[in-house]
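Worksheet for the structure shown next.
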Amino acid sequence: MSWCRCLAARFALVVAAALLGACATPPAGDGANGLKPLVKQPAVPAGAAPRSQVPSVRYDLAVSGYGEEGPDDGIPGDEGPGEIFERGGASWYGIQFHQRKTANGERFNMTEMTAAHKTLPFNTRVCVRSLVNGREVLVRINDRGPYASGRVIDLSRAAAEAIGMLGMGIKQVALSIADKETARCGGAVVGAADPPPQAAEDPAPKPARNGGNGAARKRR
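Residue numbers (our numbering): 1065 to 1284.
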């Protein structure tokens, strides 16, 4: 009988040890392995772009006057002028629009270095480089357009002639913002674009050709 009592005591000890071990084991996910549970991230609304894909570059180009407090004349996403920001077809317009009003209110002059662009601020100075022959011209934006597919800029006749595209109709070009301090387009200094027109002043009266009191004759 003594051996039965001894066996029963040992069995009771084994059961007690198993129960104590089960109580001491921490629940899964509460730091059993020294790891903290992950923080649940907020869900992205349906249709919204991930934060890492939302662009943060500025599209703030130089405008008329180039004042000391004015915006920087850099390309969107770049630190300074000179970098190409757009490529595409260039067209030109001439005598059929000569002296008509442009989108900024001034008269179009086909002999001046001006151009039309769909979005650039008026009076932005733009370098237009031909991708055919490498020639460049500096123009001032004073009109809107072109709106034909594949075209990025519409040049005046004089600007088109400067890069050798009069006989081509449409030419592939690259656009960049000119350095406002040195009037540079790429690696070459070019002639400055025409400044915005100012209000014309009344000419001084001319003296009368014949004698008399010397007063100028008035126009009728």
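Quick reminder that beta carbons are idealized off the backbone N, C-alpha and C, glycines included. Since we're looking at a predicted model, the values are computed, not measured.
A buried status is given to Glu-1200, since no fewer than 16 other beta-carbon atoms sit within 10 Å of its beta-carbon. Leaving aside the five residues that flank Asn-1173 on each side, none in its chain has a CB nearer than 6 Å to its CB. Secondary structure at Gln-1163: coil, using DSSP grouped into helix, strand and coil.
In the three-state scheme derived from DSSP, where H, G and I count as helix and E and B as strand, Ala-1154 is classed as strand.
Going by C-alpha positions, Ala-1154 is about 5 Å away from Ile-1217. Note on geometry: alpha-carbon atoms of Arg-1189 and Leu-1202 lie some 7 Å from one another. The three-state reading of DSSP puts Ala-1222 in helix, counting H, G and I together.
Counting only the Cα atoms, Gly-1233 lies some 15 Å from Ile-1159.
Contact between Lys-1244 and Val-1196 is ruled out by a C-beta separation of about 27 Å, above the 8 Å threshold. Of Pro-1210, Arg-1248, Leu-1230 and Arg-1221, the smallest CA-CA separation from Gly-1152 is found for Pro-1210. Partner residues in the beta bridge of Ala-1179, as assigned by DSSP, are Ile-1205 and Leu-1219. Taking the Cβ atoms as the reference, Thr-1178 lies roughly 7 Å from Ala-1223, within the contact range of under 8 Å.
One alpha carbon belongs to Phe-1161, the other to Ile-1148, and they sit about 29 Å apart.
Residue state for Ala-1076 is assigned as helix, using DSSP reduced to three classes.
Here Leu-1184 is buried, its C-beta having at least 16 other C-beta atoms within 10 Å.
The Cβ atoms of Leu-1219 and Trp-1156 sit closer than 8 Å to each other.
No residue range can be given for Ser-1213, since it is assigned to no beta strand (DSSP E) and is classified by DSSP as neither H nor E. A residue is called buried when at least 16 other Cβ atoms come within 10 angstroms of its Cβ; Ala-1076 does not meet this threshold and is exposed. Between Arg-1204 and Lys-1182, the gap from beta carbon to beta carbon reaches 8 Å or more. If you look at Ala-1238, you'll find it in the beta strand (DSSP E) that goes 1235 to 1241. Check the Cα spacing between Gly-1214 and each of Glu-1225, Val-1237, Gly-1231 and Ala-1167: the tightest is with Val-1237.
In the three-state scheme derived from DSSP, where H, G and I count as helix and E and B as strand, Phe-1149 is classed as strand. Nearest Cα to Glu-1225 within the set Glu-1150, Thr-1246, Ser-1194 and Gln-1163: Ser-1194.
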